[in-house]
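Colleague: First, the structure itself, so that you have it in front of you.
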């Protein structure tokens with residue numbers, strides 16, 4: 012179980028980093044900032060990779076986390092890297108990560 016909790020913490024740290032990196036950047040500005048795009052894609056990849064390594068038992072016990080969506084995003088970013096949709100990355104970081112962060116914060120044991 013400690014391994015799963017460590018992976019959830021990895022997810023949380025990467026999700027927070029992505030939100031911090033993006034800040035208030037608009038989609039228009041992101042579309043021309045390849046360095047920021049790379050940073051966001053990297054952090055989303057970490058979120059998804061960590062999620063994919065979490066045990067099925069833990070995932071089943073925490074169905075409020077959109078495991079399939081998180082892992083699916085990672086797979087699209089890694090396996091179809093040439094076709095990364097910057098708009099999808101921006102929407103994910105802007106719209107989806109705040110809820111995911113809230114959910115993950117409830118799963119991480121207090122320090």
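Numbering (our numbering), first residue to last: 12 to 122.
Backbone N, C-alpha and C define an ideal beta-carbon position, used for all residues, glycine too.
1) When the distance is taken between beta carbons, is residue 88 closer than 8 Å to residue 29?
2) Excluding five sequence neighbours on each side, which residues of the same chain lie with their C-beta closer than 7 Å to the C-beta of residue 116?
3) Given a cut-off of 8 Å on the beta-carbon distance, is the pair residue 58 and residue 17 in contact?
4) Using 10 angstroms around the beta-carbon of residue 31, count the other beta-carbons present and answer buried if the total reaches 16, otherwise exposed.
5) Curious, which full-length alpha helix (DSSP H) runs of at least 4 residues does the region 48–88 contain?
6) For a quick check, are the C-beta atoms of residue 100 and residue 52 less than 8 Å apart?
7) Touch check for the region 38–50 and the region 71–83: three-plus C-beta pairs under 8 Å?
Modeller: According to the structure data:
1) The sequence position of residue 29 within the chain shown is 18, counting from 1. The sequence position of residue 88 within the chain shown is 77, counting from 1. No; because the gap between Cβ atoms is not below 8 Å, this pair is not in contact.
2) The residue given as residue 116 occupies position 105 in the chain shown. Excluding sequence neighbours, residue 116 sits near 23.
3) The residue you call residue 58 lines up with position 47 of the chain shown. The residue you call residue 17 lines up with position 6 of the chain shown. Residue 58 places its beta carbon 8 Å or farther from that of residue 17.
4) Here residue 31 refers to the residue found at position 20 of the chain shown. Residue 31 comes out exposed.
5) Fully enclosed alpha helix (DSSP H) runs of 4 or longer: 67–72.
6) As a first step, residue 100 must be located in the chain shown, where it is residue number 89. As a first step, residue 52 must be located in the chain shown, where it is residue number 41. Yes, these two residues count as a Cβ contact at 8 Å.
7) no
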